[in-house]
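S.K.: Heads up: the protein sequence lines correspond to chains F and S, in order. Each residue of the first sequence is one higher than the last, beginning at 1 in the working numbering. Each residue of the second sequence is one higher than the last, beginning at 1001 in the working numbering. Built from N, CA and C at the ideal position, the CB exists for glycine as well. Got a structure here, written out as C-alpha cells. Questions coming.
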Amino acid sequence: MKHSFLDKYSDLDSAVHRIDARVKALCALGMIAAVVTTPVERALPFAAYFAILASVFLLSGIPLRHILARLLIVAPFVLLFAVIAPFVPHYSGEAGHRVGVLGLRYYPSGITMLISVTAKAMGGVLCIVALTSTTPFSELLRALERLRVPKFFLALLSFAYRYLFIFIDEFERMKRARDARSFGGKRWWHMQVLGRMVGTMFLRSFERGERVYGAMAARGFDGAFRSIRPLRIDAGDAATGAAFAALVAAAWLAL
Amino acid sequence: MSAAIEISNLQYSYPDGRAALRGLSLRVERGDSAAIVGPNGAGKSTLLLHLNGLLPPQNGSVKIHGMPVAAENFKEIRRRVGLVFQNPDDQLFCVSVFDDVAFGPLNLGLGPEDVRDRVSESLAAVGISGYEERSPHHLSFGEKKLVAIATVLSMRPDILAFDEPSSNLDPRASYALMETINALKATKLIVTHDLAFARATTKRTAVINEGRIVAEGPTERILSDAALLRANGLAADVHA
C-alpha cells in the first residue's frame, strides 16, 4: 500500500518546490516566530502574513483542499478554547458581565484572546504546511541536519517517517483479520480486542526494532549517525530567502 | 589457505532455553556458492546471524577468512560479510534509497566521492541504477529486495549471505533475482527452502535439520536424493 499523507504534493515542481530546503526551513521558522510574537490587535501585520502565505501557496500549486484539510488539524483545539475563553478573565481585576447561567461571567477580553490564538495557530500551521508540502521529507531532514539539528533527533524523525507507513499497513491488515472473524459482540468486547491489538502492535514494533538494529549493526553502525551533505544552495535561493525575511520583518516591525 | 567460512561445533539456545543450533559444523571455500536448505525452524536464520557476530557463539567457533568472529574483529568482519535479511523492510530503514545504500560506506569512514561511487556501483550491480532518490516505501517488494542487496554490496563484501532470498517473490521476480545473484562475484551462502532457487544459484548444498548439518555435497546430488529430502522436511510424502 502507498501512503504519502505527510509530505503529499512535495514532489510537485514549482518555484517554491525548487528553493533550497534550508532556506525554506529557515523562512518557515522565522515566519512562525513573527506570527506568534505579533499582538493580534494589530490587524495589518496579520493581513500581511496571510497574504504572504497565500502567495506562497498560489506559487506552489498545492490544491486548496489539501491546505484546508490540514488546517482542520487545529480545529479541535481552537474549538475547545472557543468554548472556554470567553468565560475566563485574562488579566486580574477584569470586570465580567454576569451571564445568568451557572454563575458564569462573560469577559470581552476572552474574545480577543480567542481571535489571537486562532490566528496564530492557523498562521503557524500554514507555515508548516507550506514547508512540508513543498519539500520531500528526506530533503527536509537533510536541511535540518545542515542547520545543525542534533543527528540523534534526526535519526528518530527519519525512523518515525520510514516505519509509520509500515505500522499503518500492519495495523490495517490486523484490523481486516479481526473484521473477517468478528460478528457483533458487545462494545466492551470490542474494546478488549482493540486493546490486545495495540499490545500486539507494541510487541511487533519492539521485535522489528531489534531486527532493524541488527541490520544497522551488520553494516557497521557504531552509534554515530553519519552522512554526506550535498551543498547546492545558490545565489538565487539565498536572495529569495533574504527577500522573504525582509518582507516578514517589514510586516512585523513597520506596520 | 583458510576457508571463507569455517564453523565448528556451533551451539546456540534461545533465551527461553530452546536449542536452535546443536553442534553445527560447516566449511565454505572462497569463491564457492553454497546453499543451506532445511525446513522451518531448522536454525537457518540463527546460523546466518552468527556469521557477523550479531549473535555471539555460545559454544564452538565461527571463523571468517581465518579470523574468529569476536568483538575485536566485528568492524572488519561486518565489512567482509554482507547479510541480506529476509524482510527488506528491516534492512531499508532510511528515507531514501541513497541514504540506505550509503549507510555502510559512511560507517566505513569513506569520503563523499567514494560513497557516491559505491552507491551508483551497487545499484548498477543489481540493475536499478537511478533509484537513488526513491523512497523505500514506494518501491515494489522485488525492488526492495534488490535495494537490500545493494545496501550490502556497497561495503564490497567478500561473502554474501542471503536469508530466504526468494520468499514472497513472484516467479518472474524470483528468476530475475537468481540472475542477479549469479552475476555477483563473491563467496555466496544462500539459506532457503526454495530448492529450485538453490539449484539455480549454488554449486554445493548442505542440508540443515534440528540445528545440525545432516548432509553436504554438490547441489545436484543432494537435491536429487529424494529419501534425504523427505527425511528432512524438504519434500512431501506423496501417496499416489
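1) Where does histidine 1193 (chain S) sit, in a helix, a strand or coil, going by DSSP?
2) Compute the distance between the beta-carbons of proline 1136 (chain S) and valine 1101 (chain S), then report whether it is under 8 Å.
3) Mind checking who tyrosine 106 (chain F) pairs with in its DSSP beta bridge?
4) Within 10 Å of its beta-carbon, does glutamine 1091 (chain S) have 16 or more other beta-carbons around it, so buried, or fewer, so exposed?
5) So with CB distances below 8 Å, who are the chain F contacts of asparagine 1168 (chain S)?
6) Is any heavy atom of the ligand FAD found at a distance shorter than 7 Å from the C-beta of leucine 1083 (chain S)?
7) Given this structure, state the Cα-to-Cα distance separating leucine 1184 (chain S) from threonine 1219 (chain S), to the nearest angstrom.
8) Under 8 Å, CB to CB, which of the residues in the region 1043 to 1064 of chain S have a partner in chain A?
9) For serine 92 (chain F), which residues in chain S fall below 9 Å Cβ to Cβ?
10) Under a Cβ-count criterion, where at least 16 other Cβ atoms within 10 Å of its own Cβ denotes burial, should methionine 1 (chain F) be classed as buried or exposed?
11) If I follow the unbroken beta strand (DSSP E) through phenylalanine 1162 (chain S), where does it start and stop?
12) Taking a contact to mean a Cβ-Cβ separation below 8 Å, would you say leucine 26 (chain F) touches valine 1095 (chain S) in this structure?
13) Let's see if you can read the secondary structure: which residues bound the beta strand (DSSP E) around glutamine 1011 (chain S)?
14) I'd like to know if phenylalanine 137 (chain F) contacts chain S, where contact means its C-beta is closer than 8 Å to some C-beta of that chain.
15) How many Å lie between leucine 1048 (chain S) and tyrosine 1175 (chain S) at the Cα?
16) Determine the contact status of valine 16 (chain F) and isoleucine 67 (chain F), defining contact as a CB-CB distance below 8 Å.
17) Would you please state the rounded distance, in angstroms, between the beta carbons of methionine 122 (chain F) and valine 74 (chain F)? I believe it to be under 8 Å.
18) Please work out which residues of its chain come closer than 6 Å, Cβ to Cβ, to leucine 1051 (chain S), disregarding the five sequence neighbours upstream and downstream, and give them in chain order.
19) Under 8 Å between C-beta atoms, does proline 1136 (chain S) make it to chain F?
20) Below 7 Å CB to CB, which residues in the same chain sit around arginine 105 (chain F) once its five sequence neighbours on both sides are set aside?
21) Should methionine 191 (chain F) go down as buried or exposed, given a rule of 16 or more other Cβ atoms within 10 Å for buried?
22) Can you give the Cα-Cα distance for arginine 173 (chain F) and methionine 201 (chain F), rounded to whole angstroms?
23) How about methionine 174 (chain F): is its C-beta nearer than 8 Å to some C-beta of chain S?
24) Since isoleucine 1254 (chain S) contacts alanine 1004 (chain S) with CB under 8 Å, what's their CB separation in whole angstroms?
25) Excluding five sequence neighbours on each side, which residues of the same chain lie with their C-beta closer than 7 Å to the C-beta of lysine 1044 (chain S)?
26) For the structure I just gave you, are there three or more beta carbon pairs, one from the region 102 to 117 of chain F and one from the region 35 to 42 of chain F, closer than 8 Å?
27) Starting from the beta carbon of serine 260 (chain F), find every residue of chain S whose beta carbon is closer than 7 Å, and list them in chain order.
28) Below 8 Å on C-beta distance, what does isoleucine 259 (chain F) contact in chain S?
29) Helix or strand or just coil, what does DSSP make of proline 89 (chain F)?
M.R.: By the coordinates alone:
1) Coil.
2) No, the pair does not count as a contact, with Cβ atoms beyond the cut-off.
3) DSSP, once it has assigned bridges, lists F:His97 as partnering tyrosine 106 (chain F).
4) Counting of Cβ neighbours within 10 angstroms places glutamine 1091 (chain S) among the buried residues, the total reaching 16 or more.
5) Asparagine 1168 (chain S) does not reach chain F, its nearest Cβ partner there being about 14 Å away, counting only Cβ pairs nearer than 8 Å.
6) With respect to the ligand FAD, the structure shown offers nothing to examine, as it has no ligands at all.
7) Roughly 19 Å separates the two Cα atoms.
8) Any reference to chain A falls outside this structure, whose protein chains are F and S.
9) Result: empty, since nearest Cβ-Cβ is about 50 Å, beyond 9 Å.
10) Because methionine 1 (chain F) carries a pLDDT of 45, less than 50, the predicted location of this residue cannot be relied on, and the following value inherits that uncertainty. The residue in question, methionine 1 (chain F), is exposed, as its Cβ has fewer than 16 Cβ neighbours within 10 Å.
11) Boundaries of the beta strand (DSSP E) around phenylalanine 1162 (chain S): 1159 to 1163.
12) No, they are not a contact pair.
13) Per DSSP, glutamine 1011 (chain S) belongs to the beta strand (DSSP E) from 1005 to 1013.
14) Judged by the 8 Å Cβ criterion, phenylalanine 137 (chain F) is in contact with chain S.
15) The straight-line gap from Cα to Cα measures roughly 23 Å.
16) Not closer than 8 Å, so no.
17) The pair is a contact, with the Cβ atoms about 6 Å apart (cut-off 8 Å).
18) Within the same chain, leucine 1051 (chain S) has close Cβ partners Val1081, Ala1161.
19) Put simply, the CB of proline 1136 (chain S) is near chain F, with a gap under 8 Å to one of its CB atoms.
20) Taken in chain order, the residues that qualify are Phe87, Gly96, His97, Arg98, Val99.
21) The residue is exposed, with fewer than 16 neighbouring Cβ atoms inside 10 Å.
22) For arginine 173 (chain F) and methionine 201 (chain F), the distance between alpha carbons rounds to 11 Å.
23) Chain S, which has no Cβ nearer than 8 Å to the Cβ of methionine 174 (chain F), makes this no.
24) Absent from the model: residue 1254 (chain S). The displayed extent of chain S is 1001 to 1240, so no value can be given.
25) So the qualifying residues of the chain are Ile1036, Gly1038, Val1191, Ile1208.
26) With the cut-off at 8 Å, the region 102 to 117 of chain F and the region 35 to 42 of chain F touch.
27) No answer is possible for residue 260 (chain F): it lies beyond the span of chain F, which begins at 1 and ends at 255.
28) Summary: the structure shown does not reach residue 259 (chain F), with chain F confined to residues 1 through 255, and so no result is reported for it.
29) Judged by DSSP in its simplified three-state form, proline 89 (chain F) adopts coil rather than helix or strand.
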